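Each position in the sequence shown, counted from 1, maps to that position plus 1 in the working numbering.
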Amino acid sequence: IRQEEEKSAEKKKKKKREMKTETQEEEKKKGKEEKIMSEQKSSTPVVLPCIDKLRDELSCAICLEICFEPSTTTCGHSFCKKCLRSAADKCGRKCPKCRQLIGNGRYCTVNTVLWNTIQLL
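#1: Would you tell me roughly how many angstroms separate the C-alpha atoms of C64 and C96, rounded to the nearest one?
#2: What's the C-alpha gap between C61 and Y108?
#3: Going by the beta-carbon positions, is the gap between T76 and L115 smaller than 8 Å?
#4: Which residue comes first and which comes last in the alpha helix (DSSP H) that contains C109?
#5: Quick check: the Cα distance between E7 and K30, rounded to an integer number of angstroms?
#6: Quick check: what's the CA-CA separation for T22 versus R3?
#7: What number of angstroms, rounded off, separates the C-alpha of Q120 from the C-alpha of E35?
#8: Measure from the alpha carbon of S72 to the alpha carbon of each residue in P50, N117 and C51, then state which is nearest.
#9: When DSSP labels each residue in this structure, what does P50 get in the three-state scheme?
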């Protein structure tokens, strides 16, 4: 009888150790999942300002949309080709953004590097 009690006690101890190990493994797994979730949450606020900044940089100052067929003036400002042509008809040879003298905005060319970059987005 005593041997059976010892075996039974031994089985209970073994089962307790197994359950403890399983619980520890579950806690580790849960901790890893929580860490991943918190990293994802913390990276989101960083990405959004970058996207907003990129959108601002790629936007036409006339129509306020992402530039369509962007044309860049000699002063470095970019506008939609149609917007720049329209502004040139109204404002003459001045940049619509900074009013610096520019070439004839009526005969503007598309900034292909900027246009290709915009199309990738």
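The beta-carbon is built from N, C-alpha and C at its ideal position, and this holds for glycine as well. Keep in mind it's a predicted model, so treat the numbers as computed, not measured.
Short version:
#1: Here residue 64 refers to the residue found at position 63 when the sequence shown is read from its first residue. Here residue 96 refers to the residue found at position 95 when the sequence shown is read from its first residue. C64 and C96: Cα-Cα distance of roughly 15 Å.
#2: Position 60 of the sequence shown holds residue 61. Position 107 of the sequence shown holds residue 108. Cα to Cα, the separation comes out at about 18 Å.
#3: Counting from one through the sequence shown, the residue named residue 76 turns up at place 75. Counting from one through the sequence shown, the residue named residue 115 turns up at place 114. According to the sequence as given, residue 76 is Cys; it is not Thr. In this structure, L115 does not lie closer than 8 Å to C76 by Cβ.
#4: For the purposes of this step, residue 109 is taken as residue 108 along the sequence shown, with counting starting at 1. Where C109 is concerned, there is no enclosing alpha helix (DSSP H), given that its DSSP letter is neither H nor E.
#5: One-based indexing of the sequence shown puts residue 7 at position 6. One-based indexing of the sequence shown puts residue 30 at position 29. Near 34 Å, if we compare the C-alpha coordinates of K30 and E7.
#6: The count along the sequence shown starts at 1 and reaches residue 22 at position 21. The count along the sequence shown starts at 1 and reaches residue 3 at position 2. For T22 and R3, the distance between alpha carbons rounds to 28 Å.
#7: Walking along the sequence shown from the start, residue 120 turns up at place 119. Walking along the sequence shown from the start, residue 35 turns up at place 34. About 37 Å.
#8: To locate residue 72, count along the sequence shown from 1; it is residue 71. Ranking the options by Cα distance to S72, first place goes to N117.
#9: Taking the sequence shown and counting its residues from 1, the one referred to as residue 50 is at position 49. P50: helix per DSSP, three-state reduction.
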